[in-house]
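**Student:** Numbering (our numbering), first residue to last: 1014 to 1181. Where a beta carbon is used, it is the ideal one built from N, C-alpha and C, also for glycine. Just so it is clear, the structure is predicted and the values come from calculations on it, not from any experiment.
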Amino acid sequence: MQSVTPRKFADFSLAAASEAVEEFRAQPGALINALHKLQDTFGYVDEAAMTMLGKLFNLSRAEVHGVTSFYHDFRRTPPGRYTIKVCQAEACQAMGSEALTDSIKEALGCDFHETSKDGLFTLEPVYCLGNCACSPNIMVDEQVFARVSSDTFKKLSASLASNAAEVK
Ligand code: FES
């Protein structure tokens, strides 16, 4: 089974966040880029960064909030060590992704847009991973897993958990 190394994000601090987005200071309209930079660095966009971003781009805090909530890609809470996306689009649906989704939710004990209690897995829906011929598909971070069943998911999640225990 392919393995996926768990991601490690930096711990959030306002000072580190300010430093991370400093390169966008002289770029009007670069708010989205700055939000992506924060998410890539810390794994999410912390509430505490909103005012700082507003000052940087001469926007109100509400405007920054509006942009952050409009784009669903921006996470507002720290993610798990892995993000698991389960395809909900047509070809995967036809091959049983609905039942697979239910069993994954049950196995992880969380719903979409939530993180498992052990902090290992964040679960998200996705709409086509471009691998329709081998449905149903899921993605773990950047790695696609094809023809996934409830059983293979259980093995995969156990192997991911054991990787995460080794890579602190
Ligand atoms: S529909 Fe799931 S990969 Fe295309």
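Could you tell me the boundaries of the alpha helix (DSSP H) in which Met1063 lies?
**Tutor:** Where Met1063 is concerned, the enclosing alpha helix (DSSP H) stretches over Ala1062 to Phe1070.
**Student:** Sorry if obvious, but does the Cβ on Glu1103 come closer than 7 Å to a heavy atom of the ligand FES?
**Tutor:** It does: the Cβ of Glu1103 is within 7 Å (strictly closer) of some heavy atom of the ligand FES.
**Student:** Just to confirm the assignment: which complete beta strand (DSSP E) runs, minimum length 3, are found wholly within the segment 1062-1143?
**Tutor:** Taking only runs of at least 3 residues, the beta strand (DSSP E) segments lying wholly in the segment 1062-1143 are 1095-1100 and 1134-1139.
**Student:** Based on Cα-Cα distance, which residue from Gln1106, Lys1068, Tyr1057 and Asn1150 lies nearest to Glu1035?
**Tutor:** Out of Gln1106, Lys1068, Tyr1057 and Asn1150, Lys1068 has the C-alpha closest to the C-alpha of Glu1035.
**Student:** Taking only heavy atoms of the ligand FES into account, decide whether any of them is closer than 7 Å to the Cβ of Ser1162.
**Tutor:** No - the ligand FES has no heavy atom lying nearer than 7 Å to the Cβ of Ser1162.
**Student:** Taking only three categories from DSSP, how would you classify Gln1052?
**Tutor:** The answer is helix: DSSP assigns Gln1052 an H, G or I state.
**Student:** Where Ala1062 and Ala1028 are concerned, what is the direct C-alpha to C-alpha distance, given to the nearest angstrom?
**Tutor:** Spanning the two alpha carbons is a distance of roughly 10 Å.
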